[in-house]
Structure formats: C-alpha cells, structure tokens
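K.L.:
Residue numbers (our numbering), protein chains in the order written: chain A, 1318 to 1619; chain B, 1318 to 1619; chain C, 252 to 483; chain D, 252 to 483.
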Ligand SMILES: Nc1ncnc2c1ncn2[C@@H]1O[C@H](COP(=O)(O)OP(=O)(O)OP(=O)(O)O)[C@@H](O)[C@H]1O
Ligand SMILES: Nc1ncnc2c1ncn2[C@@H]1O[C@H](COP(=O)(O)OP(=O)(O)OP(=O)(O)O)[C@@H](O)[C@H]1O
Ligand SMILES: [Mg+2]
Ligand SMILES: [Mg+2]
C-alpha cells in the first residue's frame, strides 16, 4: 500500500467484497439459513408448548382450595371476624362462606345431567362450609397442612378438607411434565448446537482456501471481517426470524383448527411474548456472528 | 493388474483399507456417530412420548360409556335377553347391570372424602341403570347417538345418558394432541434429514480428494466400496443404538423418579416395542449406507 | 534401450483426434500418432499448446470430441466400468499437479496405487523402497507429503506412477520442479522402464531431457501436431 | 537495469538464519545475505536444498528458528498485526504451488491482491489488462483458473504477485511449467520491475534464466549458502 486509502475506495472495496461473497456462495448460505431457521423453529415450538403447559398448570393450581365443614351456618354478622382471623395466617387469596343452600345448588351443578337423583332430598342435607383459596405461590403440601391445622382451631369447625389426593396427582403430573420438558430442552439445545456448528464447519470448509489466500495477500481485518459479519448477522437474524415466522403460522393454524372446540375453554393458548422473540433472534444472530468471527480470527493470525 | 488376484490378497487389501480409513478419520466418524445418535435419540424420545400419550388417551377412551337409567330394577331373569338385544347392535364391549345398591355404593366411592354427607340418605335414592361400554373403535359422536337412540327403545328405560360434553372435551383435546404430535414429528423428521445430510456432506468433503484419486488409480468397486459400506453401517447402526440406549436410560430414570407417585396409577409408561427399535436401527443404518453408496457411485464414474 | 522393430505392436494410436473446450477453446485439432510398445516418446510445445490435453485423452481422463484414441488396440468407449478400471491400473500417470494426498505419508501414497491392484504386501513394500532409493528419497518414507519440498513431491508422484510397472506411463511435465541432475534420475528411470517394455509418453518443455539422446519428439503448436521425429 | 551503488539501502537482510523442521530436518543453517533495493537475485540449489524455505522466511510465512530476517530494516516479530498485514501487501509472492482460487476467474484472482490494498477500481482493471498482455494471456480474463493449462496458471500467479508493483517480489520456481520462450517473458517482467525499484528474489533450478545475463546468484546446498556472486 502506497499510503492510506480514501474512505470511498475503502467502502466500495468492502461492499464489493460483501456483495461478491453473497452472490457466489448463496446456495451454501441459504442452506445454512434454512438450517438455522429449522433449529430455531423446533426450539421455539417446544418452548411455546412448555409455556402454554405451564400456564394451563397454573390455572389448574388456582382451583386448589381448602374446605372447612362447619356444624352450623355462620351468622353473617360473625363472618368478617372469621375472615379476618383466616387472613391473619397470610398468603390467602380469597375466603368464601358457603351456606347449606349454596352447597346444595353447587352439588346439583356438579352432578350435571345426573341431578335428577337429588329430586327427593331435603335441601339442607349438605353441611355449610368456608372455602379458603391460598395464593398460587403457597402450593407446598407442608404449608397447606399447617394452614389446615390452623383452620381446625376456628370455632364451629367439624372437619377441614383439602384435596390431598388430588394435590398429589397434580404434583406428580407436574413433575412428569417438568422432566419431559427438561429432557427435551436439553436434547433440543444440544441439537441446535450440533446443527449450527456443523453448518459453520461446512461454511468454513468452503471458505478455508479463500481465507488462507486473503491472509497471504495481507488483507486486513476490515476487509476479511466485514463480509463475514454481514453473513453471520444475516444467517442468524434472518434464519431465526424465518423460524419464528413459521412458528407463528403454525400457531395461528392450530388455534384456528381448535377455535370453538371445547379445549380452548380450559385455557387460552398464547404466543411467545415479544421480548422472548427479540431475545431468540438476538441470541442466534450473536451465535452465528461469533462463530464467524472465531473463524476469521484464526485465519488472520499473521 | 497382471492377472486375477488371489482371494487372500484381495481380503487382506480390503481389510487393511477399511482399518486404515477408520483409524485415520475416527474423529470425523465419531462426530458423525454422535450426530446420528442425537438425531435418533430426539426422534425416538418424541415417538415414545407420543405412544404413551396415545396409550393414556386410549385408556381414557375406554372409560367412555352409555348409562341407561331405568324405572325399576331389572329382574335378573330378564337380564340375558336385554344383554342380547344390546349386543345385536354390534361393536359392544360390555354390558353391566347396576342395581340401586350398587349405584349407591359407587356414588359413595366417587364422593371420596365427602361421603359423610350421604349418612342420612335412604340407600335406594339412586335409580338402577344399565351401563353399555362400546368397543374403543366406536368413538364417533354420530355412531354414539345412534346407539343411544336404539337403547332408548328398550323397555323400562327412563333416560339414556352418555357424556356428550365430556366426549367433546376429550375429542378436542385429542385433536390438539394430534396436531402437536404431527407438527413435532414433521419438524423432527426434517431435522433428522438435515442433520444426517449435513453430516454426510462433511464426511464427503473430507473424502472427496481421496475418492477422486482412487478413481484415477483405477480402484474397483469392492476396494472403494467396502470400507464405505462398513462405515455407513457402523455409523447408522451404532449411532442409532447409542441413541436408543440413551433413551432407555432416560426412560428408566424418569419412571424411577415417578415410581410410587400417583401419576403412575393413571397409566403405565411403556418403552418402545422391540420391533420398533429394530425398525429404527435398521432404517438409520440403511439411510447412512445409501448415502455413502451414492457418494461412491458418483466417484466411481470412469 | 530396446530396439524398435516394425513387429512391435502399437500401444497407443490416435486417429484425427480433436478436443474443443466450451465455449470455443480448440485444444487439439486432428492429431494422429502411433506409439509402439516399449517406446519412449516426448511431447513438446509451448505453454497452452495442448500437451496435457493429449496426455489426458490417452489416459482416458477425458473423451475426444472427434477422432479415436486406442490404447492397446482398444477404445475407451467400448469398455465397461470394470474393464476401464482394470485398464487404468495398468496405466501410470504423473499428473502435472501431482494429485497426491498431502496428509498421507510418502509410502502410503505410493502403496495406494499397488493396493488398488491387489498386489501382495511384500511386493509392495519391496517395490516402494526400491523406487524411493532411485528417486533419492530414502529416509522420507514416513513423512506426510505436505511437508516435502515441491521437487520431492514430484518425485513421489513419479514413483507412484511407476509403482505397478505399468504397460503405459504418461508423465506430464515430470521435471518441472527438478534441477538438471535430479531430472537425469527421472530420465534414467524412464529408460529402464521402456527397456522393460513399458511405453513412456512424457509431455515436457525441458529440452535437456530429450536433446542429445536421440529420442522421438512430437512437437505441438496450438493444438496441431507439427513435427514427429528424432530431435538432436 | 538499475545501477547498484553502495548507497542503495538494503531491502532484505538475513543474519545467520537457521530453520529446523520437526523432528530433525535441517532446512537452513546459518544463512547470511543482504539484497539491496531494486536488485534482481536468483537462488539456486538442487531439489530439497532449502530454496523455498528461505523464500518463506523472507516472506514471513514462517519464522526462523535461529538468526534474524529483516525486510526494509524491520524484523517481523517486532510488528503488530496491522503492520504485518500492511507489509505483506507490499510483498508479492509467486508460490511454487500457485495458491490461486481455482473457481474464480483470472481477473478476479489478480484483482483480489489489489482490492485487499484498496486500490481504486480503475487502476485495478487497467493494471490487470496490462499484466495479462505481458503474460500473453489476453482473452482469458474471464476463464476460471481451473480451466487453464498449468503454465497459464503459473503466469496468472506471477501477474498477481506483480499486480501491486510491490517493493519486494519473491518468486519460487516461477518458470517450472513454462517453456523457454515464455520463461523469457517472465525474466523481462522481473527486469522491468527491478528497474522500477522492486527487489526481486527468484528461487529457480532453471539455469537459462540467470545464465548469460550477469545476475547475482546464491547457491544453496543442503541448507548452507555455498556461493554468492555473479554467474555466467
Ligand atoms: N513443513 C515441513 N516439515 C518438515 N520438513 C520440511 C517441511 N518443509 C520443508 N521441509 C524439508 O526441508 C528441506 C528443504 O525444503 P525446501 O522446500 O526449502 O526445498 P527446495 O529447495 O524448495 O526444494 P525444491 O526445489 O524441491 O522445491 C527439504 O528436505 C524438505 O523435505
Ligand atoms: N477444462 C478446460 N476448459 C477450457 N479450456 C481448457 C481446459 N483445459 C485446458 N484448456 C485450454 O486448452 C489449451 C491447452 O491446454 P493444455 O493444458 O493441454 O496445455 P499444455 O500444453 O499442457 O500447457 P502447459 O505447458 O502450460 O501445461 C489451453 O489454452 C487451455 O487454456
Ligand atoms: Mg500442461
Ligand atoms: Mg521449493
């Protein structure tokens, strides 16, 4: 070099180089892009299922409650005092007083089509009760049994019941779910790492000769690096956008398929939140970028 | 060649070549093996979940039944005739006659902890009924309503009930499940194809030069092909075995984790059946084999 | 040197051979020649004259666009794959760009040519050490080819081509990276092979190789065979 | 030709340079030499003598194990990456194995060397057609390098090395695949470059290049510098 180049010469050279690289190796590049898109799609698909399962699980957990059966209906005047006593235990979301009549009505609802069988019963054969709904955070069996012990010390209480059995089922189902989700997350992460590293290896193999010759010719970091940066960002960014876009289409199609069917009454499926989408796109762009940079650095050793 | 080689010379040459290939390229080869193993593992993992979900679903479906409420208990002498009439509709798995006492006992069981509330009831407040369990195949709502119409023509019948609402829920949950399983199967198959083809591309890139030189030297099909055959079989076979072995360990660990917990009462998780394991191993060995063969054929064009 | 009598059968025959590379590079035009068994022939011509193309056509790496090339009386197009492969093992070629496997050792590279022909192991190792001695490469058997000097690599390529004592040896610029003295080693090897019955066709621009020794020289110019005869 | 006066500064200086390849191949031993700016020097020696190694050490592709190599008065180890890269763009190298990108066209291969130095586009294309004319490659600009004959490829490699009119040109066996006449083209190019101030160091076994022209010749033998002076 016979002196510092002018800025325009520099920019033109870099842009030409970038354009030429993209023009020449677009088949490899678009294969890589598809691979990244597929990896992101699979990963985000299972993330989406996981998040929706968690949401459905949380909704089920909301229905957890303790029922305190009473000897007799509670005088409405007494209710605020008892409500206050219960709230003193802390972490209580709601306290409901259920009279004999309310209990009967609800039992009838619960029997559904079979409620004819109640025709001949006295309307007061069910005992009155108080229902205590803990906050979702308070799910552990230990804390629940402490709360139950406390509730049985209240006046007029005949028996405290909380769905121990149901709770156990729910807990172990959650455990199974968590294992499945953890194992698939681990496998899919491994898969993504493998796929992306293979893709980069292939791209590198296609470029090794060229990088070596650029090094021998004394190309500087900007000349070698900028096209690679552009490529890495393009593959990681576009690839993950493509993957997430496809996922959105799949999601839309699925919810349309299910719209009106009963399942959507149980829980409302939600798509990944925007910040998570941004995070995934950013992370994969960075991943591709850094792998490209590592390659350049190796090839730029003088 | 100055004549036909002796068999021993031939065998020694082929074996040497195979051994040398394996010895020289084992890092690439073991990476390929791991990739195949991971692909198979992920694929089989989701297949396993799918199969178990189907099994659990089928078990739920088994509990589907029609209940025919009667005006009065049926004379045991009449029962065989009615049973026969019902069976004439075809596709019926079981017909059960429930007396007032049996109904009451079952209702008590079903109330569980709340059965105290039945203390004061007359033991005959529930009506007698016949339960009809259709064969699992007969799940469609249409057929069920036909069966119900037929049953309401039987003598002494007051009302036929079958869980239309529950059935709808179950059907749409099954639909969601089917969509999730189909989408993940499609994605994972794509992923497996991508991964394996990338792996093979890498292996080929590493060998292109050698294959070209073997072609120029006039190597025959046996000399070039046998080592490749061995490699393809080894990678596909060993890789898928490794993947399925890891899956078995994960499966064992998971069921151990859940052993004793309530969830296992709902359904018994089963591993993939032996014929399916064999199929997976065979298919991936063949896949790897054919890809290798395609490579050789291309390089053997004279 | 072998006496060339009229009764020795022809090993290579070309009849009006032409080769055009797309779009319109005429590499060879109407080349006819005949080389007898055990002959040692040189092809000369300036850079781009078509020497390598002629060698590739005779070695069946490419097909002629017009005319016919016969090796040992047989035409390539008439052979099936297995026959072609067998024929190829009986032709040794020194490529202008060597085509060695850079990561393999010197002896592995040479052994490959013999293993492909299913030669017994003992013969292979004896032949390799004999050839390496002639090429003055003794002691470098185990070195990966990529660590050799360019001229050493060229000698490995020659050793590989000669390993099977083929009926036909095609050498494309075999002394391009060798000094005068080492070049003479190669010439001696080729003479020995010719004396033992191998037909040797060498493309070269190295006039020291063929001058002063009374060998037959074919001179190509822009794809056309200009002179065919002894040059001194 | 440039008159070499004692006042011309030295471009390349080697002080007791040695290079040993593992495990124990002594490629160079205590080589000392000094080449002035604008000089045209030949390195000779038989195959494996260490010519390419010396060229690689001067071109900074490798580091000496002992001694010191100065180019333009500066030692490689003392430069940072950017300085090294800048220096490299000012050294043109003709590699013995060319190191061209086979799938790229002739002009792309040459242009790369100039683009890396951020030469304006017009200068690049003018220089390329000028060089291709001198190398007798006109009309082959757009051909992928892999479709050229070996000698044509070698001339592309020479054109690339000369493209930037570098301060130092290192040529390793630049006429190995060229006939006598084409070789003279190269010699003329080198002389022109030297006259314009480029220092040219050529490793070759082609005595036709340096004989009869009164150039300085360094003779290597088994890694040791034997003679340094004019050869006729
Ligand atoms: N990377 C390496 N590893 C080990 N030995 C090497 C390496 N490179 C070169 N050598 C050895 O160093 C010696 C000198 O090699 P060099 O390439 O300098 O020779 P040369 O004079 O260029 O020969 P030629 O004329 O054949 O090109 C040779 O014996 C060679 O085998
Ligand atoms: N694959 C190809 N595609 C197009 N043109 C080709 C191809 N191969 C060779 N040519 C052209 O054919 C002509 C003859 O090439 P060939 O390699 O036979 O020359 P050569 O005599 O061997 O030259 P050298 O001495 O430089 O090796 C050259 O002009 C070359 O550019
Ligand atoms: Mg040639
Ligand atoms: Mg050399």
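Ideal Cβ placement from N, Cα and C applies to all residues, glycine included.
Is there at least one non-hydrogen atom of ligand 1 closer than 8 Å to the beta-carbon of residue 267/C?
P.N.:
Because no heavy atom of ligand 1 lies under 8 Å away, the Cβ of residue 267/C does not count as near it: no.
K.L.:
Give a yes or no on whether the minimum CB-CB distance between residue 1511/B and chain A is below 9 Å.
P.N.:
Cβ-Cβ to chain A under 9 Å: yes for residue 1511/B.
K.L.:
Given 8 Å as the limit, is there contact between the stretch 264–276 of chain C and the stretch 313–330 of chain C, that is, 3 or more CB pairs closer than that?
P.N.:
Yes: at least three Cβ pairs fall under 8 Å.
K.L.:
What are the boundary residues of the alpha helix (DSSP H) that residue 461/C is part of?
P.N.:
Taken as a continuous stretch (DSSP letters only), the alpha helix (DSSP H) holding residue 461/C covers 458–461.
K.L.:
Please indicate yes or no: does the CB of residue 401/C lie closer than 8 Å to some heavy atom of ligand 4?
P.N.:
Because some heavy atom of ligand 4 lies under 8 Å away, the Cβ of residue 401/C counts as near it: yes.
K.L.:
Can you list, in chain order, the residues of its chain whose CB lies under 6 Å from that of residue 1542/B, leaving out five sequence neighbours each side?
P.N.:
Taken in chain order, the residues that qualify are 1613.
K.L.:
With 16 other CB atoms within 10 Å as the buried threshold, where does residue 252/C fall?
P.N.:
Residue confidence for residue 252/C is low, a pLDDT of 43 falling below 50, so the modelled location carries little weight; the figure read from the coordinates is stated next. With fewer than 16 other Cβ atoms within 10 Å, it is exposed.
K.L.:
Check for me: the beta strand (DSSP E) holding residue 1589/B runs from which residue to which?
P.N.:
Taken as a continuous stretch (DSSP letters only), residue 1589/B belongs to no beta strand (DSSP E), as it is neither H nor E.
K.L.:
Residues in the same chain with beta-carbon distance under 6 Å from residue 1338/B, minus the five sequence neighbours each way, listed in chain order, please.
P.N.:
These residues qualify, in order along the chain: 1544.
K.L.:
Kindly examine ligand 4 and report whether one of its heavy atoms sits closer than 8 Å to the Cβ of residue 454/D.
P.N.:
Because some heavy atom of ligand 4 lies under 8 Å away, the Cβ of residue 454/D counts as near it: yes.
K.L.:
When DSSP labels each residue in this structure, what does residue 205/C get in the three-state scheme?
P.N.:
No answer is possible for residue 205/C: it lies beyond the span of chain C, which begins at 252 and ends at 483.
K.L.:
Grab me the residues of residue 1387/B's own chain with a C-beta within less than 8 Å of its C-beta, minus the 5 sequence neighbours each way, in chain order.
P.N.:
Excluding sequence neighbours, residue 1387/B sits near 1444, 1445, 1446, 1447, 1473, 1474 and 1475.
K.L.:
DSSP three-state label for residue 392/D, please.
P.N.:
Residue 392/D: coil per DSSP, three-state reduction.
K.L.:
Would you list the one or two residues that DSSP bridges to residue 470/D?
P.N.:
Partner(s): 295/D and 478/D.
K.L.:
Following a CB-centred definition, is residue 272/D positioned closer than 8 Å to any heavy atom of ligand 6?
P.N.:
As far as ligands go, the structure on display features ligand 1, ligand 2, ligand 3 and ligand 4 and does not contain ligand 6.
K.L.:
Listing by chain order, which chain B residues have their CB less than 9 Å from the CB of residue 1326/A?
P.N.:
By Cβ distance, chain B contributes nothing, its closest Cβ being about 36 Å from residue 1326/A, past 9 Å.
K.L.:
Quick check: is the beta carbon of residue 1356/A nearer than 9 Å to any beta carbon in chain B?
P.N.:
At least one chain B Cβ lies under 9 Å of residue 1356/A.
K.L.:
Could you run through the stretch 360–376 of chain D and flag, in chain order, every residue whose CB is less than 8 Å away from some CB of chain A?
P.N.:
Here the close residues are 363, 364, 366, 367, 368, 369, 370, 371 and 372.
K.L.:
Within its chain, find whatever has a CB closer than 8 Å to the CB of residue 359/C; leave out the 5 residues flanking it on each side and keep chain order.
P.N.:
Same-chain partners within the cutoff: 352.
K.L.:
Taking the Cβ atom as the reference point for each residue, do residue 424/D and residue 427/C lie within a distance shorter than 9 Å?
P.N.:
It is a contact, given that the beta carbons lie within the stated cut-off.
K.L.:
Three-state secondary structure (DSSP) at residue 315/C?
P.N.:
Three-state DSSP puts residue 315/C in coil, outside helix and strand.
K.L.:
Output yes if chain A places a C-beta closer than 9 Å to the C-beta of residue 468/D; else output no.
P.N.:
Output row for residue 468/D: interface = no.
K.L.:
Is it buried or exposed, residue 1587/B, if we count other Cβ atoms within 10 angstroms and call 16 or more buried?
P.N.:
Answer is exposed; the Cβ neighbour count stays below 16.
K.L.:
Quick one: grab the DSSP three-state call for residue 1579/B.
P.N.:
Reliability fails at residue 1579/B, whose pLDDT of 49 lies under 50, so the model's placement of it is uncertain and the value that follows must be treated cautiously. The answer is coil: DSSP assigns residue 1579/B none of H, G, I, E or B.
K.L.:
How is residue 1395/B classed by DSSP in three states: helix, strand or coil?
P.N.:
Residue 1395/B: coil per DSSP, three-state reduction.
K.L.:
Need the endpoints of the alpha helix (DSSP H) that residue 304/D sits in, please.
P.N.:
From DSSP, the alpha helix (DSSP H) with residue 304/D extends over 302–309.
K.L.:
Should residue 424/C be listed as close to ligand 3, given that the test is whether its C-beta is under 8 Å from any heavy atom?
P.N.:
Correct: residue 424/C has its Cβ closer than 8 Å to ligand 3.
K.L.:
Quick check on residue 347/D - is its C-beta less than 9 Å from some C-beta in chain A?
P.N.:
For residue 347/D, the answer is no, since every Cβ of chain A falls outside 9 Å of its Cβ.
K.L.:
Does the Cβ-Cβ distance between residue 400/C and residue 458/D come in under 9 Å?
P.N.:
The answer is no: Cβ separation not under 9 Å.
K.L.:
From residue 1404/B to residue 1371/B, what distance separates their C-alpha atoms?
P.N.:
Distance between the alpha carbons of residue 1404/B and residue 1371/B is about 28 Å.
K.L.:
Under 7 Å Cβ-Cβ, which residues of chain C neighbour residue 433/D?
P.N.:
Those within 7 Å of residue 433/D in chain C are 297 and 298.
K.L.:
Is the beta carbon of residue 1363/A sitting closer than 9 Å to the one on residue 1469/A?
P.N.:
Cβ atoms of residue 1363/A and residue 1469/A: not closer than 9 Å.
K.L.:
Around the C-beta of residue 283/D, are 16 or more other C-beta atoms found within 10 angstroms, so that it is buried, or is it exposed?
P.N.:
Residue 283/D is exposed by the Cβ-count criterion.
K.L.:
Report the residue from 1323/B, 1330/B, 1347/B and 1327/B whose alpha carbon sits nearest the alpha carbon of residue 1549/B.
P.N.:
Among 1323/B, 1330/B, 1347/B and 1327/B, the Cα nearest to that of residue 1549/B belongs to 1347/B.
K.L.:
If we ignore side chains and look at the alpha-carbon of each, how far apart do residue 1579/A and residue 1571/A end up?
P.N.:
Low confidence applies here, because residue 1579/A scores a pLDDT of 49, under 50, leaving its location unreliable and the question unanswered by this model.
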